[in-house]
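Right, one structure below, let's go through it.
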Amino acid sequence: MSASVTVLPEKATHQQTRTFNQQLLLRALHDHSPLSRADLARLTGLTRTSVSDLVGGLIVDGLVEEVGRGQSSGVKSPILLSVAPDGRHLIGLDLGEAEFRGAVVNLRGDILRSIHLPLEGRNGDSAVDLVFQLVDALRVDDRSPLLGIGIGAPGVIDTRSGTVRWSVNLDWADLRLGPLVKARYGVPVVVANDSHAAALAELTFYRRPRPTNLIVIKVGRGIGAGIIVNGQLFQGDGYGAGEFGHVNLGNGGSPCRCGREGCLETLTSMRALVDAANVVDPAITDETGLVYAFRSGAPNVRLVVLEGARQLGLAVGWLIGVLNVRHVLLVGSVVKLGDDWLAEVRKYAAASVFSLLARDTQIEFGHIHDDVVVLGASALLMEQQLGLGLAR
Ligand SMILES: [Zn+2]
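Numbering-wise, my numbering puts 294 at position 294 of the sequence shown, and it's gapless, one number per residue.
Take a look at the structure:
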């Protein structure tokens, strides 16, 4: 099946119409499996004859499978169909700031195998080499047809061209990562900002019913948000939507790795919290030590961490005030701080926004943990290549 046709052109060719209709069927099966051919005709508005013909093609292509028989109202019980989870495999990558993670993912979003490679200070070209090493290692022994490679990376990323416009930690500027990976492996490649990918993962794999609008805030060594509006990822005019970690709070403050001072990230990211906790307790040198001290009630560390939560809460309140999105999820290594930290974020978000909006808004931890970016990058690829996943 060829790449996604999301809007059918006015003078569509026969092949475009067929691809469009096959994607309608795949999407229905992805969201409501198992379904009979009659169910599919009813859900999509296609005729029974068209459904049978298109389903036949999808079965031959390995994307759909027969999974048993349903309840019968007449003589013969109908055959039920489902998306074949292993009809295609995908490779999802999370180019994090301490390590690169990669996984082989199937069409149901199951992680079949994953590999982590420590970054160990690599950046520039040697970080690109590490991407190749990771994909090479994941492709060994995988016999299912590969749908493509989805990549989530920190920074401002032009998803249309696969260009990393700017990624501070990796020292990448105007790097055409998507075309480089595509040239090496000969499969479709998508590249997106890691927080944008996280939002897609939460929307695609774990929310039923899917919300129309959603904000997913990823707090780890940095901070960023992925914003879903009307069921679609909102990337902004220059792909920088949600980059609110580098919003300056205007009170001076500590130097930020972006070259400025006093960014939100310098107050509320896990990196900032570890640094601040280290001042009050020099034994704390990493996230594990910070989380342990906070959760075991060390008073000085609790003060530092809860102050960070307040600053983040205020900023979340601004987002809610601007967008009036009722579902806000927090993901990233910050979730390990647990409910006391979350309660403080909620309290200060509610305090910084019109009370009617605050009352209607749920701020929670996300549902996916370590693999949220890997799954989100895979979700974007599934959307682009098969039309699966996102709300319509
Ligand atoms: Zn900054």
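Beta carbons: idealized from backbone N, C-alpha and C, even for Gly.
L329 is a Cβ neighbour of E364, given a cutoff of 8 Å. Comparing C-alpha distances from L337 to each of R143, M270 and T285 shows the shortest one belongs to M270. Under the criterion of beta carbons closer than 8 Å, G148 and G162 do not qualify as touching, at roughly 11 Å. Of the candidates V104, V164 and L175, the residue whose Cα lies closest to the Cα of D141 is V104.
DSSP places I115 within a strand segment (E or B) once states are collapsed to three. Separation of the CB atoms of G240 and P154 is rounded to 12 Å, and the pair is thereby denied contact status at 8 Å. Exclusion of E287 from the 7 Å shell around ligand 1 follows from its C-beta lying no nearer than that to any non-hydrogen atom of the ligand. Proximity to A183 across R139, N230 and F132 peaks at F132, based on C-alpha coordinates. The beta carbon of R326 sits closer than 6 Å to the beta carbons of D360 and T361 from its chain, once the five residues preceding and following it are set aside; these are given in chain order. Under a 10 Å Cβ-count criterion, N230 is classified as exposed, with fewer than 16 other Cβ atoms of the shown protein chains found around its own Cβ. Judged by pairs of C-beta atoms under 8 Å, the stretch 197 to 204 touches the stretch 370 to 379, as three or more such pairs exist.
Between A276 and V304, the alpha-carbon positions lie close to 7 Å from each other. Per DSSP, S82 is one residue of the beta strand (DSSP E) stretching across I79 to V83. If you compare the alpha carbons of G366, I151 and V274 with that of I215, the shortest gap goes to G366. Taking S33 as the centre and dropping the five residues before and after it, the same chain places the C-beta of S82 and V83 closer than 7 Å to its C-beta, in chain order.
I91 and L29 have their C-alpha atoms some 22 Å from each other. Looking from the CA of Q232, the closest CA among Q71, Y185, A358 and R210 belongs to R210. For the set V64, K11 and L130, the Cα lying nearest the Cα of R88 is the one of V64. Within the same chain, no residue comes within 6 Å of H14 by CB-CB distance, once the 5 residues on both sides are set aside. Pairwise C-beta distances place the stretch 247 to 257 out of contact with the stretch 332 to 351, as fewer than three of them are shorter than 8 Å.
Under the three-state reduction of DSSP output, D340 falls in the helix class. If one requires a minimum length of 4 residues, the alpha helix (DSSP H) runs lying completely within the stretch 121 to 147 are 124 to 139, in chain order. When the five nearest sequence neighbours on each side are left out, the beta carbons in the same chain lying within less than 7 Å of the beta carbon of S144 are those of D86, R88 and H89, in order along the chain.
About 4 Å separates the beta carbon of V164 from that of L175, a gap short enough to meet the 8 Å contact definition.
Chain order is used for the residues whose beta-carbon lies nearer than 6 Å to a heavy atom of ligand 1, namely H246, C256, C258, R260, C263 and E265.
Runs of the alpha helix (DSSP H) lying entirely within the stretch 174 to 226 and spanning at least 4 residues, in chain order: 177 to 185 and 194 to 201. Around the CB of D136, fewer than 16 other CB atoms lie within 10 Å, so the residue is classed as exposed.
DSSP places R326 in the coil class of the three-state scheme, outside both helix and strand.
The beta-carbon distance between V219 and L312, rounded to whole angstroms, is 7 Å. This is short enough to meet the 8 Å contact definition.
By the C-beta density criterion, S126 is exposed, having fewer than 16 other C-beta atoms within 10 angstroms.
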